[in-house]
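*Asks:* In the numbering used here, the protein residues as written are 677 to 861.
Quick one: structure below, then a few questions.
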């Protein structure tokens with residue numbers, strides 16, 4: 677399927693998502709066509725799962741060769757291209773994810789209902805631990821594992837736990853958060 681990125685009723689990405697959701701069309705390769713063929717745009721569309729991207733305007737006589745060129749890449753290379761694009765998209769959104777964790781950690785510090793706030797922050801750190809590792813951001817994944825462990829300890833201490841132990845947990849949380857933030861900049 678050749679799919680134009682800019683269409684009047686819906687975007688190419690929306691159409692692609694609908695095609696991917698349907699059993700009868702989800703296995704058909706999709707090639708996006710766009711006037712914006714900068715590398716980050718190409719990576720973005722491949723990251724969505726497209727087989728490739730063709731620049732517009734294109735020469736109709738060369739179109740079959742361009743399509744063949746996309747499919748001539750070994751499947752392994754197409755997979756690497758897609759994974760690289762997914763890693764890039766994850767990295768672009770990492771700052772916002774860390775801001776969400778920061779807000780949750782701030783709630784833990786201020787919460788009267790300490791347990792549920794710790795649990796919420798722990799869930800965010802746990803999710804980031806897994807996804808960062810999956811997308812090749814090992815330093816962030818390790819920092820999130822440190823935050824998870826410190827939050828578990830903090831949760832076991834409770835809001836009235838020994839001050840020195842609570843302070844040690846917060847020191848570890850802040851150090852790990854800073855390490856993750858440095859990587860995401």
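For each residue, glycine too, the CB sits at the ideal point set by N, CA and C.
1. Could you tell me which of 820, 715 and 814 sits nearest to residue 804, measuring between CA atoms?
2. Taking residue 810 as part of the beta strand (DSSP E), name the residues at either end of that continuous run.
3. Since residue 687 is in the alpha helix (DSSP H), which residue starts that stretch and which ends it?
4. Just mark residue 703 as buried or exposed, buried being the case when its beta carbon has 16 or more other beta carbons within 10 Å.
5. Here's a check: name, in chain order, each residue in its chain whose Cβ is nearer than 7 angstroms to the Cβ of residue 696, leaving out the five neighbours to either side.
6. How would you call residue 780, buried or exposed, if buried means at least 16 neighbouring beta carbons within 10 angstroms?
7. Could you compute how far the alpha carbon of residue 720 sits from the alpha carbon of residue 769?
8. Would you kindly work out how many angstroms separate the C-alpha atoms of residue 832 and residue 786, rounded to a whole number?
9. Could you tell me which residues DSSP puts in a beta bridge with residue 737?
*Replies:* In short:
1. Indexing the chain shown from 1 puts residue 804 at position 128. Across the set 820, 715 and 814, the C-alpha of 820 shows the shortest separation from the C-alpha of residue 804.
2. Sequence index remark: in the chain shown, residue 810 carries index 134 (1-based). Under the DSSP assignment, residue 810 falls outside any beta strand (DSSP E), being part of the alpha helix (DSSP H) whose first and last residues are 790-810.
3. The sequence position of residue 687 within the chain shown is 11, counting from 1. Run containing residue 687: none; DSSP gives neither H nor E here.
4. Locating residue 703 in the chain shown gives position 27, where the first residue counts as 1. With fewer than 16 Cβ atoms within 10 Å of its Cβ, residue 703 is classed as exposed.
5. Position 20 of the chain shown, counted from the start, is the residue given in the question as residue 696. Shown here for residue 696: same chain residues with a beta carbon closer than 7 angstroms to its own, the five before and five after excluded, namely 702 and 725 in chain order.
6. Your numbering for residue 780 matches position 104 in the chain shown. Under this definition residue 780 is a buried residue.
7. Taking the chain shown and counting its residues from 1, the one referred to as residue 720 is at position 44. Taking the chain shown and counting its residues from 1, the one referred to as residue 769 is at position 93. Roughly 13 angstroms between the two C-alpha positions.
8. Start at 1 with the first residue of the chain shown, and residue 832 comes out as number 156. Start at 1 with the first residue of the chain shown, and residue 786 comes out as number 110. For residue 832 and residue 786, the distance between alpha carbons rounds to 17 angstroms.
9. Your numbering for residue 737 matches position 61 in the chain shown. Residue 737 is not bridged to any residue.
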